[in-house]
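Q: Quick one: the structure is below, questions incoming.
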Amino acid sequence: MNRALRPLFATTAIFMLAYLMAVAQFPAMLSTRVVGNLLTDNAFLGIAAVGMTFVILSGGIDLSVGAVIGFTTVLIAVLIMWVGMHPLAAFAVALIVAAAFGAAMGAAIHYLRVPSFIVTLAGMFLARGAASVLSPDSIGIKHEFYSAVSKAYILLPGGGRLTTIAMLMLLVFAFGIVLAHRTRFGACVYAIGGSETSAALMGVPVARTTIGIYTLSSTLAGLAGVVFSLYTSAGYSLNALGMELDAIAAVVIGGTLLTGGYGLVAGTFIGVMLQGLVQTYIVFDGTLSSWWTKIVIGGLLFMFIVLQRLIFSTSARKRKTVGTP
Amino acid sequence: MPQEHATLLRATGIAKIFGSHRALDEVDFDLRAGEVHALLGENGAGKSTLIKILTGAYQPDAGQLEVDGQEVTFRDPQQAQAHGIGTVYQEVNLLPNRSVAENLFLGRQPTRWGLIRRREIEERARELLKTYGLDIDVRAELSTFSVAIQQIIAIARAVELSGKVLVLDEPTASLDRTEVDLLFKVVRELKAKGLGIIFITHFLDQVFELSDRVTILRNGRKITTQALAGLDATDVVRMMLGKDVAFDHHLTGIDAAARGAVRVEFSQMGRAGSVAPFSLTLHEGEVVGVAGLLGSGRTEVARLMFGVDGADGGTVMVDGKPVSIRNPAQAVAAGFGFCPEDRKADGIFGDLSVRENIIIALQAKLGWFRALSREDQIELAGRYADMLDIRAADHDMPIKLLSGGNQQKAILARWLAIDPTFLILDEPTRGIDVGAHAEIVRTINRLREEGLALFVISSELDEVVAYSNRVVVMRDRAMVAELAGADLEPDAIVRAIAGTGPAQAEARP
Amino acid sequence: MTRPTAHLRPSSKPPAGRPRPLANFFTRPQVIALALVLCVNWLLFPGFFSITWQDGRLFGSLIDVLNRGAPVAILAIGMTAVIATKGVDLSVGAVMAISGAVAAVMVTSGQPAWLAVMAALAAGLVCGLWNGILVTVLQIQPIIATLVLMVAGRGLAQLITEGTIVTFSDPVLIFIGTGTVLGLPTPVFLALALMLAATLIVRRTALGLLIEAVGVNRSAARFAGISAGLLLVLAYTFAGFCAATAGLIAAGDIRGADANNAGLWLELDAILAVVIGGTSLMGGRFSIPMSVLGAVIIQAMNTGILISGFSPEFNLVVKSGVIILILILQSPISANLLRRKTTAHSDGARR
Chain Y
-7 MNRALRPLFA
3 TTAIFMLAYL
13 MAVAQFPAML
23 STRVVGNLLT
33 DNAFLGIAAV
43 GMTFVILSGG
53 IDLSVGAVIG
63 FTTVLIAVLI
73 MWVGMHPLAA
83 FAVALIVAAA
93 FGAAMGAAIH
103 YLRVPSFIVT
113 LAGMFLARGA
123 ASVLSPDSIG
133 IKHEFYSAVS
143 KAYILLPGGG
153 RLTTIAMLML
163 LVFAFGIVLA
173 HRTRFGACVY
183 AIGGSETSAA
193 LMGVPVARTT
203 IGIYTLSSTL
213 AGLAGVVFSL
223 YTSAGYSLNA
233 LGMELDAIAA
243 VVIGGTLLTG
253 GYGLVAGTFI
263 GVMLQGLVQT
273 YIVFDGTLSS
283 WWTKIVIGGL
293 LFMFIVLQRL
303 IFSTSARKRK
313 TVGTP
Chain X
20 MPQEHATLLR
30 ATGIAKIFGS
40 HRALDEVDFD
50 LRAGEVHALL
60 GENGAGKSTL
70 IKILTGAYQP
80 DAGQLEVDGQ
90 EVTFRDPQQA
100 QAHGIGTVYQ
110 EVNLLPNRSV
120 AENLFLGRQP
130 TRWGLIRRRE
140 IEERARELLK
150 TYGLDIDVRA
160 ELSTFSVAIQ
170 QIIAIARAVE
180 LSGKVLVLDE
190 PTASLDRTEV
200 DLLFKVVREL
210 KAKGLGIIFI
220 THFLDQVFEL
230 SDRVTILRNG
240 RKITTQALAG
250 LDATDVVRMM
260 LGKDVAFDHH
270 LTGIDAAARG
280 AVRVEFSQMG
290 RAGSVAPFSL
300 TLHEGEVVGV
310 AGLLGSGRTE
320 VARLMFGVDG
330 ADGGTVMVDG
340 KPVSIRNPAQ
350 AVAAGFGFCP
360 EDRKADGIFG
370 DLSVRENIII
380 ALQAKLGWFR
390 ALSREDQIEL
400 AGRYADMLDI
410 RAADHDMPIK
420 LLSGGNQQKA
430 ILARWLAIDP
440 TFLILDEPTR
450 GIDVGAHAEI
460 VRTINRLREE
470 GLALFVISSE
480 LDEVVAYSNR
490 VVVMRDRAMV
500 AELAGADLEP
510 DAIVRAIAGT
520 GPAQAEARP
Chain C
102 MTRPTAHLRP
112 SSKPPAGRPR
122 PLANFFTRPQ
132 VIALALVLCV
142 NWLLFPGFFS
152 ITWQDGRLFG
162 SLIDVLNRGA
172 PVAILAIGMT
182 AVIATKGVDL
192 SVGAVMAISG
202 AVAAVMVTSG
212 QPAWLAVMAA
222 LAAGLVCGLW
232 NGILVTVLQI
242 QPIIATLVLM
252 VAGRGLAQLI
262 TEGTIVTFSD
272 PVLIFIGTGT
282 VLGLPTPVFL
292 ALALMLAATL
302 IVRRTALGLL
312 IEAVGVNRSA
322 ARFAGISAGL
332 LLVLAYTFAG
342 FCAATAGLIA
352 AGDIRGADAN
362 NAGLWLELDA
372 ILAVVIGGTS
382 LMGGRFSIPM
392 SVLGAVIIQA
402 MNTGILISGF
412 SPEFNLVVKS
422 GVIILILILQ
432 SPISANLLRR
442 KTTAHSDGAR
452 R
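Chains as they are written, first to last, in my numbering: chain Y, -7 to 317; chain X, 20 to 528; chain C, 102 to 452.
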């Protein structure tokens, strides 16, 4: 069996088991209402995590996504409330700015030959700083488009709501899956994550792909910012503080190898849902406190890092002995 | 047969200079269609530099390349590939994490509306590999296959993309016999199709088995290009290693009996897949030389002795007492020292000063809290720098700024500073200038006279003969012969390495 | 071979340090940068350099810069050791929160202050040890290994404080955050003491040299008989200890433990301070005092932005500018330019 899929199977099994146990304890959790909320509440995290998946698949890391989300919400609020733009125009501007920002980080990572974490760290400072320079205070957004969007949803049997932003997230995941597994760009991302030297020797355009990866990540972070803006109807520079860690955790728990080359976008979806499930369970339980989310996520993260370590180091050792007498 | 085929690739007067080092000097090379042309030489002979020039990874400083009679210049490997030259390296340069099919078609996947047509790729990959006699699941991850299969997949990709010249850079280094046969079958079929194949290996029997002609390089110069039909293994080894073998050996007239008491005793040390179990006793005031081609297991023996790799079994006795050597720190504690072959990767601390590089092993042996004072460091570094004539303007300058020879002397000084009982030197004179070379040989002789036990690996036979009391010969990851006394002369070593000497009990299949 | 002559080496220099004439100190880019930042601050606020003595304590903007910069300086001291081994510790901010939480909860539950302090420091040591074990025994890349505690650490801190901001009025803890020792604010005193102690320890023992050796070339370190694993564990444990100290200061300063905000993003400031101080992220040569200087530069910038009336968040933009500048200076392009200079120099140096 493909060893790369083993962490994903573990995640899926853990998710199913956790969900079943939660349902056994609180039968109300088995409803389309809960599922609908799970999707809506984690929409922005899911969208950003798709971008993060590509970054981690290529062997990098993007610490700037939370800050880009925060910046985007502020930019959109400023454009709508102060400049008077239509929300859709504001979204387009925000996405273009985010894309350019990501392209600049990708170029810096490739051409300056510095670790991605330090470049995206600078990006994080820059985006947060720029957001608070735009407006240090929270800006509420009032626009008929926002109320229209919040009223637009598909009613699921059982009373659950599939909201616009939840559908948007599902769409982004579908897009991510196709991009990763069915396009040349996706093949190049996996190639760079597998071995950058081999990839370059095999003719992969490393510079173009690296810039593309970070552009994608920032654009999706920008889109997550759009969703966050729709979700909260406000722009604030400290929105989504530390969200990059949740996104990284979702990707890793979803079975993507932190050193790159192995993983599936679909796994990230399960990673996001597992995080959401933990939160939902804690809300249902009522006695557990919210900090357990962080501890459980940290524990899962640790478990999966060790699991990957075991799977990939033992198979590497096995492979080494193949071919020697 | 090959004579009637056209010349595919011709290189004339190729030179390449790195800094002050002349890696290639006026080298000519030609490759005909439908031949396997072996390229032989020890480390530093220039074969990898030549290959990198032929495949576009390096640009020559002089000389010209012709493909099909047309003069060409390659700016990068992609350009060489476009001219029909493909390469397969020892460490397979494919993507271990992707499927076989994807590895074959990366960069040229057929698409429809921007989407990769995966089924078509898989179908074509399956058919392509069938022509190589492989019927495997092309959807499986590359790393799940043996290295031999991976090599064949790499060959298939290279031939698909280039299709005229195939360079095989040590493709068999980690294959077993059946895998080698599988690979050779593929190579012979490609040869029959008219491809020109450059074959680099350090297994002589494989050279004879597969190749039509051979080019031998030594110290950046071409020694010969000729048909293998008229040669035997001894001739080839002699051309690879010897000056002309008629050199003045036993310069110092070592008295093999002048050695002292037993110092270090290794018995039944070995490591599966690396070195067959060996036993070796070293005496005070004795130099044991090690001869053998690259890949014969000579470095692996040194690594086992020093605890860099863990031995599967066996014991070590120092001065009659058993010691445990599971890691280099224990080896240093037991009084061992090791100058590794890859000076840059395993030897020097490039950013640290010459002085710190010299005292570092002694400091490691003393532990964290018994720090050498600055005065002690200066004194030690000064003493050993004088003793070995290490030329540095200042002992506080980073060692990476020194020449290779001075770096090597500094590493030797590092071990002399711990006052060792046993010293392992792996290719101590490779890639360094003549003056440093002489200084290191002088030092080896002096250390022997001072009563050290030394284990010296070298592919310079004249040199090994000149300073060794005994020479052990390695072939195919085992110690196969030991020469001493009157037998200790280069020609006998050459015969033992080639497997044709009298000391040989067994021959390789 | 001629020995380096005695007048080149100031006698106060520790043994393993490189000889540097005092003049060199003032031409270092970091010192010039600090001087520039301070001058800008002075132009913005003419009273910037005035220091007064009042109630047995120094007052003034400069003292304020040092006081505010002390937690990052302390983090940077530990981070220097980790980065010198070619690692990085992303968890120090979370460890600050844990340490503050431990101390606060213990004093509010009636334990003596000294025990609370010891427990907080022990918690930091355990966190560092955990990171060190992940890096050495499980051989997980440092950035990934320490990410685990970065994610879970704040949760653990909240678990200890049960989600509230635990306030206290214990005089000892408050003294650590806001007291005065020898006329200096306690945090400044602690930072200086830790800097001196750590510098003395790494330079008077062989630790500094061995850590540098491991950071420069881990393989060569192994061949030279250095036990790299122990050194790595030690470096991470020390970083945990420093983080715990900084956590006590942060808690004492606000008289409470805020698990959400204590030390938030300070790991990034600490890394930045170390990089500004000249220790390369690729490991090797390090200087603890220079990292502390880096922390002071960062704080001086923060203060400058504050007194010039910009919003405090504006310094994030400035920080990112500093990182970008450093990255460009360290990039292969400028390294090539530099190499041309140094090879010319070394050719001259060779005989």
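Even glycine gets a Cβ: it sits at the ideal position worked out from N, Cα and C.
1. Can you tell me which of the three DSSP states glutamine 300 (chain Y) falls into?
2. Mind pulling the chain Y residues with CB within less than 7 Å of valine 252 (chain C)?
3. Using a Cβ cut-off of 8 Å, which residues of the region 366 to 390 of chain X contact any Cβ in chain C, in chain order?
4. So tyrosine 254 (chain Y) contacts chain X; which residues on that side make the cut at Cβ distance below 8 Å?
5. Just to confirm the assignment, what range does the beta strand (DSSP E) spanning proline 296 (chain X) have?
6. Let me confirm a value: threonine 103 (chain C) is counted as buried when at least 16 other C-beta atoms fall within 10 Å, else exposed. Which label applies?
7. Taking only three categories from DSSP, how would you classify aspartate 405 (chain X)?
8. Taking Cβ positions, are glycine 65 (chain X) and proline 96 (chain X) nearer each other than 7 Å?
9. Looking at the unbroken beta strand (DSSP E) that takes in valine 238 (chain C), where does it start and where does it end?
10. How many angstroms separate the CA atom of glycine 121 (chain Y) from the CA atom of tyrosine 138 (chain Y)?
11. Kindly indicate the opening and closing residues of the alpha helix (DSSP H) around histidine 414 (chain X).
12. With glycine 333 (chain X) as the anchor, note down where its beta strand (DSSP E) starts and where it stops.
13. Express the C-alpha separation of threonine 207 (chain Y) and histidine 173 (chain Y) in angstroms, rounding to a whole number.
14. Quick one: is glutamate 136 (chain Y) buried, meaning 16 or more other Cβ sit within 10 Å of its Cβ, or exposed?
15. Contact between the region 430 to 445 of chain X and the region 403 to 416 of chain X: three or more CB pairs below 8 Å?
16. Inspect the CB distances between the region 227 to 244 of chain C and the region 287 to 301 of chain Y and report whether three or more fall short of 8 Å.
17. Am I right that leucine 293 (chain Y) and valine 249 (chain C) are in contact with their C-beta atoms under 8 Å? What's the rounded C-beta distance?
18. Run through chain X and tell me which residues come within less than 9 Å of leucine 311 (chain C), C-beta to C-beta.
19. Please state whether DSSP places histidine 40 (chain X) in a helix, a strand or coil.
20. Determine the chain C residues that contact arginine 433 (chain X) at a beta-carbon separation under 9 Å, and present them in chain order.
21. The beta strand (DSSP E) with serine 286 (chain X) in it runs from where to where?
22. For alanine 340 (chain C), tell me which candidate among C:Trp154, C:Met197, C:Leu163, C:Ala171 has the shortest Cα-Cα distance.
23. Enumerate in chain order the residues of its own chain whose CB-to-CB distance from proline 190 (chain X) is below 7 Å, with the five nearest sequence positions on each side excluded.
24. Name the DSSP bridge partner or partners of isoleucine 217 (chain X)?
25. Applying the criterion that 16 or more other CB atoms from any shown protein chain within 10 Å of the CB defines a buried residue, is threonine 150 (chain X) buried or exposed?
26. If you measure between the beta carbons of serine 200 (chain C) and glycine 348 (chain C), is that distance less than 7 Å?
27. How is the alpha helix (DSSP H) around leucine 473 (chain X) delimited, first residue to last?
28. Sorted by chain position, which residues of the same chain lie with C-beta nearer than 8 Å to aspartate 354 (chain C)'s C-beta, five sequence neighbours on each side aside?
29. Taking only the alpha-carbon atoms, compute the straight-line gap between isoleucine 281 (chain Y) and glycine 264 (chain C) and give it to the nearest angstrom.
30. Answer with buried or exposed for arginine 389 (chain X), where buried requires no fewer than 16 other C-beta atoms within 10 angstroms of its C-beta.
31. Decide if the region 371 to 384 of chain C is in contact with the region 78 to 89 of chain Y; the criterion is three or more beta carbon pairs, one per stretch, under 8 Å apart.
32. In this structure, does DSSP put glutamate 446 (chain X) in helix, strand or coil?
33. Flag leucine 187 (chain X) as yes if its beta-carbon sits less than 7 Å from any beta-carbon of chain Y, otherwise no.
34. In this structure, does DSSP put proline 79 (chain Y) in helix, strand or coil?
35. Assuming glutamate 368 (chain C) contacts valine 193 (chain C) under a Cβ cut-off of 8 Å, what Cβ separation, rounded to an integer in Å, is found between them?
36. Report buried or exposed for lysine 428 (chain X), applying the criterion of at least 16 other Cβ atoms within 10 angstroms of its Cβ.
A: On the basis of the supplied data:
1. helix
2. Neighbours of valine 252 (chain C) on chain Y, chain order: Leu237, Ala241, Lys286, Ile289, Gly290, Leu293.
3. Gly366, Ile367, Phe368, Gly369, Asp370, Leu371, Ser372, Glu375, Ile379, Ala380, Gln382, Ala383, Lys384, Leu385, Gly386, Trp387, Phe388, Arg389, Ala390
4. Asn116
5. 294 to 302
6. Because the pLDDT of threonine 103 (chain C) is 37, which lies under 50, any placement of that residue in the model is unreliable, and the number read from its coordinates should be weighed accordingly. Classification of threonine 103 (chain C): exposed, given that the 10 Å Cβ count is below 16.
7. helix
8. No; because the gap between Cβ atoms is not below 7 Å, this pair is not in contact.
9. Looking at the DSSP string, valine 238 (chain C) is not in any beta strand (DSSP E), and its letter there is neither H nor E.
10. 26 Å
11. Taken as a continuous stretch (DSSP letters only), histidine 414 (chain X) belongs to no alpha helix (DSSP H), as it is neither H nor E.
12. It spans 332 to 337 - the beta strand (DSSP E) in which glycine 333 (chain X) sits, taken as one unbroken run.
13. Between the alpha carbons of histidine 173 (chain Y) and threonine 207 (chain Y) lies a gap of roughly 18 Å.
14. exposed
15. yes
16. Inter-segment contact for the region 227 to 244 of chain C and the region 287 to 301 of chain Y is present: three or more beta-carbon pairs are separated by less than 8 Å.
17. 5 Å
18. Ile379, Gln382, Ala383, Trp387
19. strand
20. Ala325
21. For serine 286 (chain X), the enclosing beta strand (DSSP E) has its first and last residue at 281 to 290.
22. C:Met197
23. Val107, Gln109, Gln170, Leu202
24. Looking at the DSSP output, isoleucine 217 (chain X) sits in a beta bridge with X:His56, X:Val186.
25. exposed
26. Against a cut-off of 7 Å, the Cβ pair of glycine 348 (chain C) and serine 200 (chain C) comes out as a contact.
27. The continuous stretches of alpha helix (DSSP H) do not include leucine 473 (chain X), which lies in the beta strand (DSSP E) extending over residues 472 to 476.
28. Gly278, Thr279, Pro288
29. The displayed chain sequence assigns serine, not isoleucine, to residue 281 (chain Y). Near 8 Å, if we compare the C-alpha coordinates of glycine 264 (chain C) and serine 281 (chain Y).
30. exposed
31. no
32. coil
33. Leucine 187 (chain X) has a beta carbon lying at 7 Å or more from every beta carbon in chain Y.
34. helix
35. 5 Å
36. buried
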